[in-house]
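A.B. asks:
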Amino acid sequence: AQSVTQLGSHVSVSEGALVLLRCNYSSSVPPYLFWYVQYPNQGLQLLLKYTSAATLVKGINGFEAEFKKSETSFHLTKPSAHMSDAAEYFCAVSSSSGGSYIPTFGRGTSLIVHP
Amino acid sequence: GAGVSQSPRYKVAKRGQDVALRCDPISGHVSLFWYQQALGQGPEFLTYFQNEAQLDKSGLPSDRFFAERPEGSVSTLKIQRTQQEDSAVYLCASSLARSGGGELFFGEGSRLTVL
């Protein structure tokens, strides 16, 4: 069984401040981990993906995430928030179950960026 | 277009009506997923196809939900005798990977409102 917990349904930061969105996962086998972003009235798009090649993963738009197995975490960070980063962010875990990998998504965190 | 296309974008149905939601994935993508996203929630898995084979339908909430992908490309999600609790955004995603370990490309979703 696999699951994802995103702490905080809303995160509010000032423009230029550090962004930290938290994600903890549960998986009985080594998983793939993802962060997706959803802008209003758009589909989800991939920010970054962990596949065991490196624990620190760099994604688009200056985002990165670090896989910490001991903490079962995959938190998303960005050093300096921009107004255009305001969106809904979803963490997802995908691990093998009966041979298929079915991504399970968290509830999402809404990032609010104010001037 | 080059992306995943879903239609209709918006559907209003009276309780008890049948609805059909269409997904046109990216050409050549082997895997196709359907998710249900309720307001303020993350996407919840419904069903998964690899080519024309429906390999996992464990997320379908009742036998009123049915999905098919007869030729391994376009997929249709059908909901019979719609209920108010079926109101949600239905997301379709496709992937080059043979299961959910790769990047998912999402459509913009079909928003279903059941009155």
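Residue numbers (the working numbering), protein chains in the order written: chain A, -3 to 111; chain B, 9 to 123. Just so you know, even glycine gets a beta-carbon here, dropped at the ideal spot from N, CA and C.
Helix or strand or just coil, what does DSSP make of B/Gln92?
C.D. replies: helix
A.B. asks: Pull up the distance between the alpha-carbon of B/Leu63 and that of B/Ser39, whole angstroms please.
C.D. replies: If I take the Cα positions, the gap works out to 10 Å.
A.B. asks: Short of 6 Å in beta carbon distance, which residues of its chain neighbour B/Asp32, apart from the five on each side in sequence? Order them along the chain.
C.D. replies: Ser13, Val82
A.B. asks: Rounded to whole angstroms, what is the Cα-Cα separation between B/Glu111 and B/Asp26?
C.D. replies: 32 Å
A.B. asks: Rounded to a whole number of angstroms, what is the C-alpha to C-alpha distance between A/Tyr46 and B/Pro51?
C.D. replies: 20 Å
A.B. asks: Under a CB-based cut-off of 7 Å, is A/Phe101 close to chain B?
C.D. replies: It does; some Cβ of chain B falls within 7 Å.
A.B. asks: Have a look at the DSSP bridge pairing and note the partners of B/Val38.
C.D. replies: For B/Val38, no pairing in a beta bridge is given by DSSP.
A.B. asks: Any idea what DSSP makes of B/Asp71, helix, strand or coil?
C.D. replies: coil
A.B. asks: Express the C-alpha separation of A/Ser66 and B/Val122 in angstroms, rounding to a whole number.
C.D. replies: In a straight line, the C-alpha of B/Val122 is about 45 Å away from that of A/Ser66.
A.B. asks: For chain A, find out if any of its Cβ atoms is closer than 7 Å to the Cβ of B/Tyr56; answer yes or no.
C.D. replies: yes
A.B. asks: Taking contact to mean 3 or more Cβ pairs, one atom from each stretch, closer than 8 Å, check whether the segment 80 to 95 of chain A and the segment 17 to 24 of chain A are in contact.
C.D. replies: yes
A.B. asks: What would DSSP say about B/Asp26, mapped onto helix, strand or coil?
C.D. replies: coil
A.B. asks: If we call anything under 7 Å between Cβ atoms a contact, is B/Ala96 one with B/Gln58?
C.D. replies: Cβ atoms of B/Ala96 and B/Gln58: not closer than 7 Å.
A.B. asks: Check this for me: beta carbons of B/Thr55 and B/Ala28, under 7 Å apart or not?
C.D. replies: no
A.B. asks: Can you tell me whether B/Lys65 is helix, strand or coil according to DSSP?
C.D. replies: coil
A.B. asks: Any Cβ of chain B within less than 7 Å of the Cβ of A/Leu17?
C.D. replies: no
A.B. asks: Relative to the C-alpha of A/Ser10, which residue among A/Tyr97, A/Arg103, A/Asp81 is closest?
C.D. replies: With distances taken between CA atoms, A/Ser10 lies nearest to A/Asp81 out of A/Tyr97, A/Arg103, A/Asp81.
A.B. asks: I'd like to confirm the pairing. Which residues does DSSP put opposite B/Phe57 in its beta bridges?
C.D. replies: B/Leu40, B/Gln62
A.B. asks: Could you give the first and the last residue of the continuous beta strand (DSSP E) run that contains A/Lys65?
C.D. replies: Neither: A/Lys65 is in no beta strand (DSSP E) and is coded neither H nor E.
A.B. asks: Span of the beta strand (DSSP E) holding A/Ile98?
C.D. replies: Here A/Ile98 belongs to no beta strand (DSSP E), and DSSP marks it neither H nor E.
A.B. asks: Can you tell me which of A/Thr105, A/Pro111, A/Lys64 puts its alpha carbon nearest to the alpha carbon of A/Tyr35?
C.D. replies: A/Thr105
A.B. asks: DSSP beta-bridge partners for B/Leu85?
C.D. replies: B/Leu29, B/Ala75
A.B. asks: Since B/Arg119 and B/Arg17 are thought to touch, with beta carbons under 8 Å apart, how far apart are those beta carbons, to the nearest angstrom?
C.D. replies: 7 Å
A.B. asks: Report the option in A/Val15, A/Pro111, A/Thr68 whose CA atom is closest to the CA atom of A/Gln(-2).
C.D. replies: A/Thr68
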